[in-house]
Amino acid sequence: MKKPIISLTSDFGVQSQGVGIMEGTIIDISSNAYVIHFMHGLPDFNTTAASRTMETVKSLPVGYHICVVDPGVGTKRRAIIIKAKRGDYLIGPDNGVLNSAANLLGGCEKVVEITNPKYMCEPISPIFHGKSIFCPAAAYLSKGIAIEKFGKKLRFEDLVKSPYNEAGMKEDSIEAEVIHVNKYGSLNLNILQSMWDKFGVKKNQIVVFNIWGKRVKLPFVETFGDVPESTPLMLKDSYSRMEVAINMGNFSRMYGANVGDVCLINKAPMRSRKA
Amino acid sequence: MKKPIISLTSDFGVQSQGVGIMEGTIIDISSNAYVIHFMHGLPDFNTTAASRTMETVKSLPVGYHICVVDPGVGTKRRAIIIKAKRGDYLIGPDNGVLNSAANLLGGCEKVVEITNPKYMCEPISPIFHGKSIFCPAAAYLSKGIAIEKFGKKLRFEDLVKSPYNEAGMKEDSIEAEVIHVNKYGSLNLNILQSMWDKFGVKKNQIVVFNIWGKRVKLPFVETFGDVPESTPLMLKDSYSRMEVAINMGNFSRMYGANVGDVCLINKAPMRSRKA
Amino acid sequence: MKKPIISLTSDFGVQSQGVGIMEGTIIDISSNAYVIHFMHGLPDFNTTAASRTMETVKSLPVGYHICVVDPGVGTKRRAIIIKAKRGDYLIGPDNGVLNSAANLLGGCEKVVEITNPKYMCEPISPIFHGKSIFCPAAAYLSKGIAIEKFGKKLRFEDLVKSPYNEAGMKEDSIEAEVIHVNKYGSLNLNILQSMWDKFGVKKNQIVVFNIWGKRVKLPFVETFGDVPESTPLMLKDSYSRMEVAINMGNFSRMYGANVGDVCLINKAPMRSRKA
Numbered sequence: 001m002k003k004p005i006i007s008l009t010s011d012f013g014v015q016s017q018g019v020g021i022m023e024g025t026i027i028d029i030s031s032n033a034y035v036i037h038f039m040h041g042l043p044d045f046n047t048t049a050a051s052r053t054m055e056t057v058k059s060l061p062v063g064y065h066i067c068v069v070d071p072g073v074g075t076k077r078r079a080i081i082i083k084a085k086r087g088d089y090l091i092g093p094d095n096g097v098l099n100s101a102a103n104l105l106g107g108c109e110k111v112v113e114i115t116n117p118k119y120m121c122e123p124i125s126p127i128f129h130g131k132s133i134f135c136p137a138a139a140y141l142s143k144g145i146a147i148e149k150f151g152k153k154l155r156f157e158d159l160v161k162s163p164y165n166e167a168g169m170k171e172d173s174i175e176a177e178v179i180h181v182n183k184y185g186s187l188n189l190n191i192l193q194s195m196w197d198k199f200g201v202k203k204n205q206i207v208v209f210n211i212w213g214k215r216v217k218l219p220f221v222e223t224f225g226d227v228p229e230s231t232p233l234m235l236k237d238s239y240s241r242m243e244v245a246i247n248m249g250n251f252s253r254m255y256g257a258n259v260g261d262v263c264l265i266n267k268a269p270m271r272s273r274k275a
Numbered sequence: 001m002k003k004p005i006i007s008l009t010s011d012f013g014v015q016s017q018g019v020g021i022m023e024g025t026i027i028d029i030s031s032n033a034y035v036i037h038f039m040h041g042l043p044d045f046n047t048t049a050a051s052r053t054m055e056t057v058k059s060l061p062v063g064y065h066i067c068v069v070d071p072g073v074g075t076k077r078r079a080i081i082i083k084a085k086r087g088d089y090l091i092g093p094d095n096g097v098l099n100s101a102a103n104l105l106g107g108c109e110k111v112v113e114i115t116n117p118k119y120m121c122e123p124i125s126p127i128f129h130g131k132s133i134f135c136p137a138a139a140y141l142s143k144g145i146a147i148e149k150f151g152k153k154l155r156f157e158d159l160v161k162s163p164y165n166e167a168g169m170k171e172d173s174i175e176a177e178v179i180h181v182n183k184y185g186s187l188n189l190n191i192l193q194s195m196w197d198k199f200g201v202k203k204n205q206i207v208v209f210n211i212w213g214k215r216v217k218l219p220f221v222e223t224f225g226d227v228p229e230s231t232p233l234m235l236k237d238s239y240s241r242m243e244v245a246i247n248m249g250n251f252s253r254m255y256g257a258n259v260g261d262v263c264l265i266n267k268a269p270m271r272s273r274k275a
Numbered sequence: 001m002k003k004p005i006i007s008l009t010s011d012f013g014v015q016s017q018g019v020g021i022m023e024g025t026i027i028d029i030s031s032n033a034y035v036i037h038f039m040h041g042l043p044d045f046n047t048t049a050a051s052r053t054m055e056t057v058k059s060l061p062v063g064y065h066i067c068v069v070d071p072g073v074g075t076k077r078r079a080i081i082i083k084a085k086r087g088d089y090l091i092g093p094d095n096g097v098l099n100s101a102a103n104l105l106g107g108c109e110k111v112v113e114i115t116n117p118k119y120m121c122e123p124i125s126p127i128f129h130g131k132s133i134f135c136p137a138a139a140y141l142s143k144g145i146a147i148e149k150f151g152k153k154l155r156f157e158d159l160v161k162s163p164y165n166e167a168g169m170k171e172d173s174i175e176a177e178v179i180h181v182n183k184y185g186s187l188n189l190n191i192l193q194s195m196w197d198k199f200g201v202k203k204n205q206i207v208v209f210n211i212w213g214k215r216v217k218l219p220f221v222e223t224f225g226d227v228p229e230s231t232p233l234m235l236k237d238s239y240s241r242m243e244v245a246i247n248m249g250n251f252s253r254m255y256g257a258n259v260g261d262v263c264l265i266n267k268a269p270m271r272s273r274k275a
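Residue numbers (this note's numbering), protein chains in the order written: chain A, 1 to 275; chain G, 1 to 275; chain R, 1 to 275.
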């Protein structure tokens, strides 16, 4: 029998004890759960990087996905559960980190505010809702407790907005934002692959990537090895969005690009046949 | 049925193969165990940081907690198991890293030295007792082998002392030590919350934190968001002790404070009503 | 009943979501598997460090060991499974990272190229064969699918060669290569302990380690504490090879030594009895 999958994402240090304590809390309540440490060590308090990470739970089996990037912990910000149409539950603070994930998982089916102390771990720590509220919520959901039991229904459109919008596409350009930088220094942009397909760039066609006043020519390819070593490129990432990278190199370091930076992508002008 | 929880703490690199090998060793002996990677990547050979981490296993379910911060591996230092009154077993080298945890788990009920080769993994590596001695001990304990089988009884008071003492409290000041710095740069001090409560500082009262010749005013609050962004604060941490932090900032980097530093906390003088 | 052990090694960021997604992919196919995160965060694209890490799966129980250090992902490089004589299966790209592990696990019993789409996860990502090909292969193998079902047989000697050779031993010297540097800054060399034993250095005998034009005297000992603090030493590592370290110090930082560096070890001349 398949075990319910509960994933954990946080800006805690990788393998800080907070991470293990959240796992212990879940297992203590739902001994049959399968806990996956999805991503930890996100940049401190960075809701953009957190939102992007939560989007990528789409590549996990249907499950219960917790996000603890929560600079407002212990203040009046709400704790919420979103049920997504794919069947997943997203659990975390109402600070925008879950919205985009809900959209990519087919849209929001239901949202509730978590207020029922029955499904929390007492005493509630004012600085660690991951342990006191979010993990217990996921664990009880995984045991079959209905979402309605956790608190009153909210409207998806009343939640705090996502930290980033979708990119803006014009006929010849896309204005985008860097929403993640991975270990290799590749950039992930807020451009959905479905938007890119409409933008209409062909394989191996070159686009111009403008960032920090620099103009970088990027061939649009399928994989890194499609260009020579140390060459920049653009491709579809593994998680619904567009990625800018350097084959065997580090784009972020080379161009000083980071989460939150804006950039502009232009279709390169066709070369004139005349000089 | 609940699985026995075995937690692992080390100064190995996070996700170095040593970590996975310890997990494999445990599972090979006790296939029903649930292994939690509690904390790895502690500062090399730092018994203070290790001791502080082991204290926080109090937030895990009752279990078997292994510490492999062990600069004396392969020398004559003893390998020990402490049974704590809460029901947990603490397993590691006799270098002081387990004592404070035992105290916080209700006190020591029993200590034995691990000498019985029957519960070790042969051949004994002279540089990796985590694999050869500590993990097998935890795994066999989790299968119900009695602590007395592992070796002869020791007295808790004869163990190597903890790397830090409890803070010293006077009427108007506490002399303390930094025993941990987390990823956000917050400091954890060797002041128990029970001592702090006796010290008698009220919510929102300001104390003066002296470190490296600097004097920092800290309001005592419940959570980070109780003060404006970039403001220093003092609060109760999630694990029995006191914490110094900056809301949305990094105290350690700002003031150059690190594990082992001493500091003095003064009650701020009441302001005179006269000029 | 023992669960099949599947280990994961990659140059992905430690706890990047790619790591969790590979775990989810495995569990979705083989719900009884026990996944061990063996090592992540290896230096980007570094096949030497990857090969060395894969060698050390010898310290895990017999299992299914995946390596995703794969700069050629999506190009024509082959995906392979090696069955080793000890009983383990090694799964990854044909870029040399699995060969040395196979040798240390008793030799290669069989190799196949993975080409059968039945045991892949569609759609195949051109940049993430860890998820689309390697993890599904390990998961299906762990459920008992025979290796022959995955594709056509290859010859071990036709695979891409290991990124490093075994060290070269002469009567009084060994020419070696640094194949790993761990978190403590200790160096692991491509010298098998069996070669070292033949080289004939006695316990506490001093050898001269030549690197970057420096000559460092190293006593050959059993454990770090056999020499005073801050003293360099040579010992047998936990994984079949030789290690150079500093007791309570960092050899790599002190001497600027890194993966890929070559070094020469000389037997120190016997001291003459005359002045």
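Glycine included, each C-beta is placed from N, C-alpha and C at the ideal position.
For the alpha helix (DSSP H) that residue i lies in, which residues bound it at each end?
{"i": "residue 102 of chain G", "result": "99–104"}
{"i": "residue 139 of chain A", "result": "135–142"}
{"i": "residue 29 of chain R", "result": "17–29"}
Between which two residues does the beta strand (DSSP E) holding residue i run?
{"i": "residue 79 of chain G", "result": "79–84"}
{"i": "residue 89 of chain G", "result": "89–93"}
{"i": "residue 242 of chain R", "result": "241–246"}
{"i": "residue 6 of chain G", "result": "5–10"}
{"i": "residue 173 of chain A", "result": "173–181"}
{"i": "residue 131 of chain G", "result": "Element bounds for residue 131 of chain G: n/a, residue is neither H nor E."}
Using a C-beta cutoff of 8 angstroms, does residue i count as contacting chain R?
{"i": "residue 225 of chain A", "result": "yes"}
{"i": "residue 197 of chain G", "result": "no"}
{"i": "residue 61 of chain A", "result": "yes"}
{"i": "residue 94 of chain G", "result": "no"}
{"i": "residue 219 of chain G", "result": "no"}
{"i": "residue 65 of chain A", "result": "no"}
{"i": "residue 41 of chain A", "result": "yes"}
{"i": "residue 184 of chain A", "result": "yes"}
{"i": "residue 275 of chain A", "result": "Note that residue 275 of chain A scores 42 on pLDDT, short of 50, meaning its location in the model is unreliable and no value can be drawn from it."}
I believe residue i touches residue j by the beta-carbon criterion, under 8 angstroms. Please report the beta-carbon distance rounded to the nearest angstrom.
{"i": "residue 36 of chain R", "j": "residue 7 of chain R", "result": "5 angstroms"}
{"i": "residue 96 of chain A", "j": "residue 163 of chain A", "result": "5 angstroms"}
{"i": "residue 137 of chain A", "j": "residue 206 of chain A", "result": "That belief does not hold up - the Cβ atoms of residue 137 of chain A and residue 206 of chain A are roughly 48 angstroms apart, past 8 angstroms."}
{"i": "residue 150 of chain R", "j": "residue 191 of chain R", "result": "Going by Cβ atoms, the distance from residue 150 of chain R to residue 191 of chain R rounds to 35 angstroms, so no, they are not a contact pair."}
{"i": "residue 84 of chain G", "j": "residue 105 of chain G", "result": "4 angstroms"}
{"i": "residue 303 of chain A", "j": "residue 60 of chain G", "result": "Nothing can be reported for residue 303 of chain A: it is not among the residues displayed for chain A, which extend from 1 to 275."}
{"i": "residue 141 of chain G", "j": "residue 64 of chain G", "result": "6 angstroms"}
Is there a Cβ of chain G sitting closer than 8 angstroms to that of residue i, yes or no?
{"i": "residue 222 of chain R", "result": "yes"}
{"i": "residue 128 of chain A", "result": "yes"}
{"i": "residue 238 of chain R", "result": "yes"}
{"i": "residue 134 of chain A", "result": "no"}
{"i": "residue 124 of chain A", "result": "no"}
{"i": "residue 235 of chain R", "result": "yes"}
{"i": "residue 34 of chain R", "result": "yes"}
{"i": "residue 45 of chain R", "result": "no"}
{"i": "residue 2 of chain R", "result": "yes"}
Please check if any C-beta of chain A sits within less than 8 angstroms of the C-beta of residue i.
{"i": "residue 17 of chain R", "result": "yes"}
{"i": "residue 115 of chain R", "result": "no"}
{"i": "residue 159 of chain G", "result": "no"}
{"i": "residue 248 of chain G", "result": "yes"}
{"i": "residue 28 of chain R", "result": "yes"}
Name the DSSP bridge partner or partners of residue i?
{"i": "residue 33 of chain A", "result": "Answer by DSSP bridge pairing: none, since residue 33 of chain A is not bridged."}
{"i": "residue 122 of chain A", "result": "Residue 122 of chain A pairs with nothing; no bridge assigned."}
{"i": "residue 112 of chain A", "result": "A/81 and A/153"}
Complete runs of the beta strand (DSSP E) confined to the segment 36–74 of chain G [at least 3 residues]: As for any beta strand (DSSP E) of minimum length 3 sitting wholly inside the segment 36–74 of chain G, the runs are 64–68, ordered along the chain.
I'd like the ranges of any alpha helix (DSSP H) spanning at least 4 consecutive residues and lying wholly in the segment 187–266 of chain G. Fully enclosed alpha helix (DSSP H) runs of 4 or longer: 193–199 and 251–255.
Within the segment 141–168 of chain G, note down every full beta strand (DSSP E) run reaching 3 residues or more, in order along the chain. Runs of the beta strand (DSSP E) inside the segment 141–168 of chain G: none found.
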